[in-house]
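Input: a single structure, listed below in structure tokens.
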Amino acid sequence: KEHHARLAAHDEYHLKLTAVRATMEKLIFSIIPPNKVKQLPGIMPERWFTSAYDEYPDCTLLQMDVSGFTELSSTIEPQELVELIQSVFVSIDYAADCLAHVWKVELIGDCYKAIIGGPRACKDHAARGVALAHSIVYLCRTIAKRLKVPISVRVGVHTGSAQATVVGVQMPRYLLFGRDCEIVNRLEQQAPLNGVLLSHATAAALAGQWPHPAERSINLADGTKVQAYSSGGVEECETKWRDSA
């Protein structure tokens, strides 16, 4: 009996240990993509920043910001604000999981940044990025209507390249760098309310999959200009697909 009790205790210990390891692995994968984690065995988290840079020569970047968030935060209770933000970003995470090949780079306040392709490589990253952008607009409009709160979003999408590495000692994060990160930032800033602004590179990669009728130029910090297009909304795209079916 004593022997069986020890075996049972041993098995229970290993089951708990396996569960703890699975939880820790899931936590690590939530802040560092799996392809990067493979480069870090035996390295303590406070030394992750010493790892090599990663190059993603063909990917799509997305950036979203909630417009009116600052004003809203001064008019509603903190708990209500937290519940609102939770509703928005949990919904976006779910949409990203459904579309797949999306890596959420960071979430700063009311700003969401993601890379499509890159760490989770795919050939159709531009189409997935635009689909996610319109999903975000639809979800936020729906949440705003149901909760009766005056919020809207701007989304920028750009197809290009990016460099990434782990930054920081405490709470290390896997962040993106490069000129294309500035481009998607500018696109988001100048996107219409509850609208999506695409770069010319993304529009070209779509090959007519999404309508993007309105052309304009945006200025970068170095004075150069980038062509941009206001992407058609979800309803317009659905109509286009029905007509072409």
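Positions 364 to 608 (my numbering) are the ones given, in order, by the sequence shown.
C-beta atoms are modelled at their ideal positions from N, C-alpha and C, and glycine is treated no differently.
| query | result |
| --- | --- |
| Please go through the same chain and pick out, in chain order, the residues whose beta-carbon is closer than 7 Å to the beta-carbon of L447, but skip the five residues on each side of it. | L510, V512 |
| How far does the alpha helix (DSSP H) with C461 in it extend, from its first residue to its last? | 441–462 |
| When every heavy atom of the ligand COA is checked, does at least one fall within less than 8 Å of the C-beta of L502? | Inclusion of the ligand COA in the displayed structure is not the case, the ligand content being empty and no account of it being possible. |
| Between M427, T413, Y416, L370, which lies nearest to L495 when the distance is taken from Cα to Cα? | M427 |
| Rank H464, D473, C461 by C-alpha distance to the C-alpha of V451 and give the top, closest one. | D473 |
| For F412, which residues in the same chain have their Cβ closer than 7 Å to its Cβ, ignoring the five residues on either side in sequence? | V529, V530, G531, V532, P535 |
| What does DSSP give as the partner residues of V532 in its beta bridges? | According to DSSP, which records beta bridges pairwise, V532 is partnered with nothing at all. |
| Buried or exposed: K399, going by 16 or more other Cβ atoms within 10 Å of its Cβ? | buried |
| Can you tell me which of S437, K588, V468, A525 puts its alpha carbon nearest to the alpha carbon of P420? | A525 |
| Mapping DSSP to helix, strand and coil, what is T381? | helix |
| Go through its chain and collect everything with a Cβ distance to F540's Cβ below 8 Å, but skip five positions before and after it. | A525, Q526, A527, T528 |
| Should N582 go down as buried or exposed, given a rule of 16 or more other Cβ atoms within 10 Å for buried? | exposed |
| For E418, would you say it is in contact with chain C, using Cβ-to-Cβ distances shorter than 9 Å as the test? | Within the model displayed, chain C is absent; a lone protein chain is all it includes. |
| Using C-beta distances below 7 Å, list every residue in its chain close to W316, excluding the 5 sequence neighbours before and after it, in chain order. | Because the chain in this structure spans residues 364 to 608, residue 316 falls outside the shown range and cannot be described. |
| Look up N557 in the DSSP assignment and say whether it is helix, strand or coil. | coil |
| Does the Cβ of I514 have 16 or more other Cβ atoms within 10 Å, making it buried, or fewer, making it exposed? | buried |
| Output needed for A489: all residues of its chain with C-beta closer than 6 Å, excluding positions within five of it in sequence on either side, in chain order. | T423, T522, T565, A568, L569 |
| Determine the burial state of I406: buried for a count of at least 16 other Cβ atoms within 10 Å of its Cβ, exposed for fewer. | exposed |
| What did DSSP end up calling C503 once you bin it into helix, strand or coil? | helix |
| Less than 8 Å between C-beta atoms, sequence neighbours within five positions excluded: which residues of the same chain meet that for P555? | R517, S593 |
| Is L583 helix, strand or coil by DSSP? | coil |
| Which one of S562, L538, Y376 has the shortest CA to CA distance from I394? | L538 |
| Going straight from the alpha carbon of D456 to that of A368, what length do you get? | 44 Å |
| Out of curiosity, what's the CA-to-CA distance linking K588 and A458? | 32 Å |
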